[in-house]
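Numbering (this note's numbering), first residue to last: 91 to 836. We put the beta carbon where it would ideally sit given N, CA and C, even for glycine. To start, the structure itself, in structure tokens.
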Ligand code: ADP
Ligand code: ZN
């Protein structure tokens, strides 16, 4: 395992170009620098320190200082007198050629500027500077006699014992929930020793924690993956198996093997699965928590994590999709957990799928890669079926946990009363679970109180002023909200269309409305709502998990946020309020996504001991997706789905590129789209559909039109699209978004 640099006084000396060398020692060379800006070209600079290709540098650009990477020798067209000097060459090891290749590959594949992809691999400014030191403390040994331990002080002792090394003051305060004064006084009374620290990211795994005894099938899977880690075999492994079968335990074995070989590990998770439970589990297994990388991580921690990754001293990073572009110098294993999850697709800026790019990265790094999921994406499934990926499957849930009983509740038969949304069988099952002191999850993938506000007099609906969407009522805030642009307004007293007073009615349920119904049905049961509106940060999530684990929370109502990853042993009943939601629409993956989501939700029930029960409210129990789901027949579902996709030459049996054109000026946009349609290049096996107004035909006052390019499975459509777009010039004010392998069809 790489040594950590967090011990005392280990601030490394920076090779800092700002401390200029004496003139006689200067031997300037020219280098081409790629900047983290949306440009594909490089710029030449003069540098008088060794700055091999890949070096991280700060350079003047215009009147700012920008971060970049030496991309090669200078192109050499710039006059010496116009050349500017590199300001600083970072002390970090240069970005390796494999990472530079990955950046170039992703830029070309996703049709994004090279510099935009580089930007994803660089930290926010500041990380190139050498790390700062901070005041740290560790436990004094031996502990001074007679020192009193208040509960607060005990927490400090626990935190430092857990860390096994010194921690920065603010970290102690946060983790132990104590004031700066407490830490100071503990230092004053000799309980803590001061120790200067390099400001670093989270502590590193080091000591082995508790290693579970794997079952025979888990062991077989783990052995194969460990072999791939050792052999540096980048052929992807699809690790399948129902929820709760131990996939995480299996890939933990691979993590351990990779760490033992001294190479770095990257674990990707969907953002919402990066909760406290996962970290606690990792900690239990490896002794300490890994470095983390996602949107809620504070800037200072991100900077130091980035430095440690780039410097090779962070052995494990767990993060959301953007962690894929961290510049590990020696990556040995990539895990993409819940690999089917749509959140791996980044939809703006550089549009890419982190799962697919992880496979590319592993190939370049000669790192092993594991794609784990109970419900693999059809793409991944086909790759495994055709032998490109190596499929390993865990056959059943771990221990005596069984998969839950899943039943459909036919809403045509058990129709809820007007103004209620829960059918009698669901209410009864929830009541029974509560009576047994077990926990209940009611799932509805819809935020807010009601998706639609309709006037009873004129039938008018309240829409967004700048989008082609209906506003969603959030009664908790007393506001109507647009989920696309964030526009908010109070619920009006009179209908904006006909002016009649008290005529507006909430239509349909969101989670808040289910909450209202639960309060009516089960007085005394204090339901907790879990959505992106109520879970604003890690602290909210930690509180929720605590409530579920302690049993204080008896009934949870949640959107897809509640569907994933969590392990609540006493949760035995799941009610799905609207199992059909998501099946409508023209989305290529609607069926697949519904199947995956339902599987995930159902997988929350009965994960230990008592068997779970899942009731799905549906208007269409005979829908093939529902039928396959009820039978638990994933294979049948995938066969059906694959046949339909093959027939339509849709992915993974064909390729797609979507073009989304947007402008505030509708006539100009339409004219340009017609012009584009006229110059569609003719090419065997490539079809272009459109132009057609996007399903969301206006967002933030921008009109939106789509084209869809479809080609054969082995056809790279990028060149085709480049040629096509290169043949016309877009008028000012038109934005063109190119989405290779689109996931969203809105
Ligand atoms: P998955 O990732 O497939 O959903 P997990 O790895 O989360 O499954 O396992 C489900 C539960 O079973 C977890 O609480 C896990 O700790 C436990 N578990 C799985 N395998 C073992 C094992 N071999 N020994 C002890 N506990 C296990
Ligand atoms: Zn809007």
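With a minimum length of 3 residues, the unbroken runs of beta strand (DSSP E) contained wholly in the segment 766 to 819 fall at 777 to 789, 792 to 802. For residue 329, the CB contacts under 6 Å within the same chain, skipping 5 residues up- and downstream, are 337, 460, 462, 482 in chain order. Per the DSSP secondary-structure output, residue 564 pairs in a beta bridge with 569. Annotation note: the segment 169 to 200 contains the following uninterrupted alpha helix (DSSP H) runs of length 4 or greater, listed N- to C-terminal: 187 to 200. A distance of 8 Å or more separates the beta carbons of residue 610 and residue 662. Per DSSP, residue 836 is not a residue of any alpha helix (DSSP H), being assigned neither H nor E. Under the 10 Å beta carbon count, residue 235 is surrounded by fewer than 16 other beta carbons and is classified as exposed. Pairing residue 605 with residue 619 gives a Cβ-Cβ distance under 8 Å.
Counting along the chain, the unbroken alpha helix (DSSP H) around residue 341 starts and ends at 337 to 350. In this structure, the alpha-carbon of residue 591 lies about 37 Å from that of residue 651. Residue side-chain check: residue 308 places its Cβ nearer than 7 Å to a non-hydrogen atom of the ligand ADP. Taken in chain order, the complete alpha helix (DSSP H) segments of 4 or more residues contained in the segment 350 to 426 are 366 to 376, 389 to 401.
The segment 725 to 744 and the segment 787 to 805 touch, with three or more beta-carbon pairs separated by less than 8 Å.
When the Cα atoms are used, residue 719 and residue 491 turn out to be separated by approximately 19 Å.
Under the three-pair Cβ rule at 8 Å, the segment 521 to 538 counts as touching the segment 637 to 647. The closest heavy atom of the ligand ADP lies 7 Å or more from the beta carbon of residue 366. In this structure, the beta-carbon distance from residue 137 to residue 159 does not fall below 8 Å. Inclusion of residue 186 and residue 419 in the CB contact set at 8 Å is warranted, their separation being smaller than that value. Your pair residue 588 and residue 543 does not check out as a contact, with CB atoms roughly 14 Å apart and the cut at 8 Å. Counting only the Cα atoms, residue 688 lies some 14 Å from residue 536. Apart from the 5 residues on each side of it in sequence, residue 818 sits with its Cβ closer than 7 Å to the Cβ of 765, 766, 769 in its chain, given in chain order. Here residue 301 has no same chain residue with a Cβ atom under 6 Å from its own Cβ, once five neighbours each way along the sequence are excluded.
Residue 237 is a Cβ neighbour of residue 281, given a cutoff of 8 Å. DSSP places residue 648 in no alpha helix (DSSP H) but in the uninterrupted beta strand (DSSP E) bounded by 645 to 648. Along the segment 258 to 283, the alpha helix (DSSP H) occurs as fully enclosed runs of 4 or more residues at 259 to 266, 270 to 278, listed in sequence order. Spatial neighbours of residue 208 in its own chain (CB-CB distance under 7 Å, excluding positions within 5 residues in sequence) are listed in chain order as 124, 126, 159, 193. Within the same chain, 533, 653, 664, 666 come within 7 Å of residue 691 by CB-CB distance, once the 5 residues on both sides are set aside. Short of 6 Å from the beta carbon of residue 495, and not among the five residues preceding or following it, lie these beta carbons of its own chain, in chain order: 703. The beta carbons of residue 179 and residue 145 sit closer together than 8 Å.
Per the Cβ contact rule, the segment 303 to 317 is not in contact with the segment 439 to 448 (fewer than 3 Cβ pairs under 8 Å). At least 8 Å separates the beta-carbon of residue 273 from that of residue 247.
Distances from the CB of residue 494 to the heavy atoms of the ligand ADP are all 7 Å or more.
Beta-bridge annotation (DSSP): residue 228 is paired with 283. Of the other Cβ atoms in all chains shown, 16 or more fall within 10 Å of the Cβ of residue 668; this residue is therefore buried. Judged by the Cβ position, residue 559 qualifies as a neighbour of the ligand ZN at the 7 Å threshold, a heavy atom of the ligand being closer than this. As a beta-bridge residue in DSSP terms, residue 594 pairs with 545.
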